[in-house]
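The sequence shown begins at 4 in this note's numbering and counts up one residue at a time.
Positions of the beta carbon are idealized from the N, C-alpha and C atoms, including for glycine.
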Amino acid sequence: MNAIPTKSGWFRFALHYVEMIIAMFAGMLLLGLLLDLAGLSPSYTRDPEPAYLVMAFDMSVGMAAWMRFRRHGWASTLEMCAAMFAPAVPLFPLLWLGVIDPHGLMMISHVAMFPLMLAVMLRRRHEYLSHH
């Protein structure tokens with residue numbers, strides 16, 4: 004690999020990012036639908052913590068499946084999955100104290116995921132700049 008990433012390398016990087024976002028949402032929608040159909044989905048208003056954790060798990064499954072399909076290693080796959088859970092950790096106490104409501108938890112967590120995913124990708128940019 005070149006010391007300086009090429010234009011096509013950064014295009015691949017951006018494409019990887021978009022692919023993972025699509026996989027994340029696909030996992031959230033498909034697994035969420037299955038849980039809804041089975042009557043197992045926690046309520047976002049009554050039980051926001053487990054609802055968020057289940058949703059983060061669903062997103063992680065979609066993302067991990069796609070990353071493994073693209074032959075990413077386990078370390079980078081698990082780091083990317085951690086980015087789905089990480090935003091909630093500092094927000095749960097704010098929820099418990101009434102500083103934010105369940106809707107705020109969901110919004111802030113989802114917004115925070117995108118820069119966290121980007122940070123994970125930049126940390127391992129050599130992996131995401133190359134073809135998989």
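Problem - Delimiting residues of the alpha helix (DSSP H) encompassing Ala25 - result: Note on identity: in this sequence residue 25 is Ile, with Ala being the wrong assignment. For Ile25, the uninterrupted alpha helix (DSSP H) run begins and ends at 10–41, by DSSP.
Exercise for the section: Could you check what DSSP says for Pro90 in three-state terms: helix, strand or coil? Expected result: Three-state DSSP puts Pro90 in coil, outside helix and strand.
Handout entry: Coarse secondary structure for Val102, derived from DSSP in three states
Key = Three-state DSSP puts Val102 in coil, outside helix and strand.
Practice task
Measure the alpha-carbon distance for Phe88 versus Leu132 and round it to whole angstroms.
Solution key: Looking at the backbone, the Cα of Phe88 and that of Leu132 are separated by about 25 Å.
Handout entry: Met70, buried or exposed, once every other Cβ within 10 Å from all chains shown has been counted against 16
Key = The residue is buried, with at least 16 neighbouring Cβ atoms inside 10 Å.
Problem - Cβ pair Met66, Val123 closer than 8 Å - result: It is not a contact, given that the beta carbons lie outside the stated cut-off.
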